[in-house]
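This note's numbering puts the sequence shown at residues 69 to 442.
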Amino acid sequence: MSPTNGENRTGEADSQAAALSFSSAGSEFSIGTHTTESQFNARIENLVAVIRQIKAGAYKGEWDERVSWDILPDEYTGLLQALESDQSLVEYFHHKLQFEYAASNEGDGQFTIFPNSIFHDTIVRNVNRHVRKWMDALGDEIGSDPENQAYFDRITELRKSVKAFRATTIEFDQERFHVDISYGDRPWQYPPLVIDVSLSREPNDQKEKARRLIRKGGGEIRTVVGLDLFNTYTACRNIETRLDVPNTLRQERVRGFKFCAVFNDESGEVMRDQDGQMTIEETHYIFLTEDMEPDNEEPLCLDLGDFLPTHVLGKESIQIRRCIGEHQLVIHKGHMDDFYARSWPLQNQLDERSNPPPPFVGYYHFLNPNAEDY
Numbered sequence: 069m070s071p072t073n074g075e076n077r078t079g080e081a082d083s084q085a086a087a088l089s090f091s092s093a094g095s096e097f098s099i100g101t102h103t104t105e106s107q108f109n110a111r112i113e114n115l116v117a118v119i120r121q122i123k124a125g126a127y128k129g130e131w132d133e134r135v136s137w138d139i140l141p142d143e144y145t146g147l148l149q150a151l152e153s154d155q156s157l158v159e160y161f162h163h164k165l166q167f168e169y170a171a172s173n174e175g176d177g178q179f180t181i182f183p184n185s186i187f188h189d190t191i192v193r194n195v196n197r198h199v200r201k202w203m204d205a206l207g208d209e210i211g212s213d214p215e216n217q218a219y220f221d222r223i224t225e226l227r228k229s230v231k232a233f234r235a236t237t238i239e240f241d242q243e244r245f246h247v248d249i250s251y252g253d254r255p256w257q258y259p260p261l262v263i264d265v266s267l268s269r270e271p272n273d274q275k276e277k278a279r280r281l282i283r284k285g286g287g288e289i290r291t292v293v294g295l296d297l298f299n300t301y302t303a304c305r306n307i308e309t310r311l312d313v314p315n316t317l318r319q320e321r322v323r324g325f326k327f328c329a330v331f332n333d334e335s336g337e338v339m340r341d342q343d344g345q346m347t348i349e350e351t352h353y354i355f356l357t358e359d360m361e362p363d364n365e366e367p368l369c370l371d372l373g374d375f376l377p378t379h380v381l382g383k384e385s386i387q388i389r390r391c392i393g394e395h396q397l398v399i400h401k402g403h404m405d406d407f408y409a410r411s412w413p414l415q416n417q418l419d420e421r422s423n424p425p426p427p428f429v430g431y432y433h434f435l436n437p438n439a440e441d442y
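1) Output the boundary residues of the alpha helix (DSSP H) element that contains D189.
2) Leaving aside the five residues before and after L295 along the sequence, list all residues of the same chain whose C-beta is less than 6 Å from its C-beta, in chain order.
3) Is the distance from the Cβ of G344 to the Cβ of D371 below 7 Å?
4) Look up L311 in the DSSP assignment and say whether it is helix, strand or coil.
5) At the level of alpha carbons, what is the spacing between K277 and D213?
6) Who are the near neighbours of D208 in its chain, counting only those whose CB is closer than 8 Å to its CB and skipping five residues on each side?
7) What are the start and end residues of each continuous alpha helix (DSSP H) run of 4 or more residues lying completely inside the region 119-153, in chain order?
8) Between the Cα of F240 and the Cα atoms of G402, L267, I282, which residue gives the shortest distance?
9) With a threshold of 8 Å, are at least 3 pairs of Cβ atoms found where one atom belongs to the region 329-343 and the other to the region 265-274?
10) Relative to the C-alpha of L381, which candidate in V322, L226, S335, F233 has its C-alpha closest?
11) For the region 252-262 against the region 221-237, do three or more pairs of beta-carbon atoms, one drawn from each stretch, fall closer than 8 Å, so that the two count as touching?
12) What does the Cβ neighbour count give for E143, buried or exposed, with the cut at 16 atoms within 10 Å?
13) Quick check on this structure: which residue in V158, I399, Y408, D405 has the alpha carbon closest to the alpha carbon of R200?
14) On the DSSP letters alone, give me the boundaries of the alpha helix (DSSP H) that Y160 sits inside.
15) Assign E105 to one of three DSSP states: helix, strand, or coil.
16) Return helix, strand or coil for H443, following the three-state DSSP convention.
17) By DSSP, does Q257 sit in helix, in strand, or in coil?
18) Only counting the same chain, and skipping five residues up and downstream in sequence, which positions put a Cβ closer than 7 Å to that of T378?
19) What is the DSSP secondary structure of R389, counted as helix, strand or coil?
20) Check I263 in the structure and name its three-state DSSP category.
21) Within 10 angstroms of its Cβ, does S156 collect 16 or more other Cβ (buried), or is it exposed?
22) Verify whether the separation of the beta carbon atoms of L206 and H395 is less than 7 Å.
23) Would you mind giving the Cβ-Cβ distance between L368 and K326, rounded to the nearest angstrom? I have them listed as a contact below 8 Å.
24) Which same chain residues, not among the five before or five after S450, have their C-beta less than 6 Å away from its C-beta?
25) Among N194, A218, S229, which residue has its Cα nearest to the Cα of I186?
26) Measuring straight from C-alpha to C-alpha, what distance separates R280 and L376?
27) Applying the 10 Å Cβ sphere with the 16-neighbour rule, what's the burial state of K383?
28) From D154 to I119, what distance separates their C-alpha atoms?
29) Under three-state DSSP, which class holds Q342?
30) Return the CA-CA distance between L297 and K275, expressed in angstroms with no decimal places.
31) Is the beta carbon of Y169 sitting closer than 7 Å to the one on F179?
32) Express the C-alpha separation of R389 and A218 in angstroms, rounding to a whole number.
33) Return helix, strand or coil for V293, following the three-state DSSP convention.
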């Protein structure tokens with residue numbers, strides 16, 4: 069099945085799969101295997117009620133970045149049937165609700181909804197803003213070098229072909245993934261690059277999702293970037309001990325990773341290990357430790373080639389690929405600070421309208437208070 073996004077979903081949903089217990093980033097609610105029709109219906113009603121709350125902006129999760137259910141195939145089918153009685157809810161479910169689904173009679177968390185917050189969504193928008201500003205400046209950067217004049221027109225054409233798709237749904241047989249941003253030239257093809265932002269998920273869960281995306285995409289999804297601001301907002305809201313830096317609060321770790329499919333330079337085919345699994349090059353970054361210190365100075369780097377489909381990039385000359393590789397998009401600790409500083413006040417304002425503020429709420433600027441406006 070091909071990928072869709074928030075504006076281009078086909079409305080198709082797999083009719084095989086999903087729910088038994090309810091869990092979230094910080095809580096689990098065990099329901100157990102249904103034995104009666106009333107229990108079955110109660111679980112379906114619970115799912116529909118949560119979807120209605122999210123649609124209405126009334127979901128009251130305790131900072132849950134995601135809400136998961138262990139659901140069986142007949143229950144997922146029951147959910148789809150229950151939604152049919154409300155056309156507006158059907159439209160919302162298929163075209164706007166951010167969720168993942170994997171058809172299975174075993175395991176857990178087959179059905180996951182991402183309610184997402186203003187904080188999360190604003191960080192995602194600012195990441196994309198950073199990418200677009202770099203992309204817009206790339207033409208001038210390449211054009212200013214006389215040695216690149218011969219490639220300027222073609223690289224400009226390639227650059228302008230790249231489109232960003234927010235809240236993308238990527239579907240495979242019996243499985244559906246949600247990613248925050250995908251980049252490519254067509255929404256109905258698997259994107260060569262996706263970016264996923266996490267605020268509360270365990271890092272290993274986010275990384276395993278990246279591996280599955282690359283492997284299930286068969287090499288078409290070449291690069292997955294993960295940005296992990298684990299519990300940063302929660303720590304900011306709840307911390308009691310102030311540090312020596314005025315108006316600054318302690319936060320949790322800020323990390324990232326870049327996973328890339330590995331290709332044979334001569335044949336262009338994906339490389340595989342002895343078990344037949346696709347080879348993935350994994351690079352990890354720690355932008356900031358729990359003690360507010362940068363762990364290393366190495367930035368996360370991408371170039372225009374990461375944004376281009378494999379079949380497009382493979383047809384370009386060595387000279388164009390070399391030129392593309394020399395001009396990189398960089399994400400380092402200063403950028404992460406900027407993404408955060410632009411996002412946290414918006415969420416904080418919303419929270420203070422909904423709940424009385426704690427005794428002390430400082431402005432949380434966890435890196436350089438004089439960070440450049442990227």
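Don't be surprised by glycine CBs; every beta carbon is placed ideally from N, CA and C.
Result, derived from the coordinates:
1) 186-211 is the extent of the alpha helix (DSSP H) around D189.
2) Around L295: V265, G324.
3) With respect to the 7 Å criterion, G344 and D371 are not classified as neighbours on the basis of their beta carbons.
4) Because L311 sits at a pLDDT of 38, beneath the cut-off of 50, its placement in the model cannot be relied upon, and the point is left open.
5) K277 and D213: Cα-Cα distance of roughly 40 Å.
6) Once the five neighbours on either side are set aside, D208 has no close Cβ partner at all.
7) Fully enclosed alpha helix (DSSP H) runs of 4 or longer: 141-151.
8) That would be I282, whose Cα lies nearest to the Cα of F240.
9) By the Cβ criterion, the region 329-343 is not in contact with the region 265-274, since fewer than three pairs of Cβ atoms, one from each stretch, lie closer than 8 Å.
10) For the options V322, L226, S335, F233, the alpha carbon positioned closest to that of L381 is the one of L226.
11) Because the criterion of three Cβ pairs below 8 Å is met, the region 252-262 and the region 221-237 touch.
12) Looking at its Cβ environment, which holds 16 or more other Cβ atoms inside 10 Å, E143 is buried.
13) Cα-wise, what sits closest to R200 is I399.
14) From DSSP, the alpha helix (DSSP H) with Y160 extends over 155-163.
15) Reduced to three states, the DSSP call for E105 is helix.
16) The structure shown does not extend to residue 443, since the chain is modelled only from 69 through 442, so no value can be given for it.
17) Here Q257 carries a coil assignment [DSSP, helix/strand/coil].
18) Taken in chain order, the residues that qualify are P260, G287, E288, R290.
19) DSSP places R389 in helix when its eight states are reduced to three.
20) Of the three classes helix, strand and coil, the one that applies to I263 here is strand, per DSSP.
21) A residue is called buried when at least 16 other Cβ atoms come within 10 angstroms of its Cβ; S156 does not meet this threshold and is exposed.
22) In terms of Cβ geometry, L206 and H395 form a close pair [threshold 7 Å].
23) Between K326 and L368 the Cβ distance is about 6 Å, and since that is below 8 Å, they are a contact.
24) Given a span of 69 to 442 for the chain in the structure shown, any question on residue 450 remains unanswerable.
25) Of the listed residues, the one whose Cα sits closest to I186 is N194.
26) Rounded to the nearest angstrom, the two C-alpha atoms are 20 Å apart.
27) Under the 10 Å beta carbon count, K383 is surrounded by fewer than 16 other beta carbons and is classified as exposed.
28) Rounded to the nearest whole angstrom, the C-alpha separation of D154 and I119 is 12 Å.
29) In this structure, Q342 counts as coil in the three-state DSSP scheme.
30) L297 and K275: Cα-Cα distance of roughly 14 Å.
31) In contact: Y169 and F179 (Cβ atoms closer than 7 Å).
32) Cα to Cα, A218 sits roughly 13 Å from R389.
33) The answer is strand: DSSP assigns V293 an E or B state.
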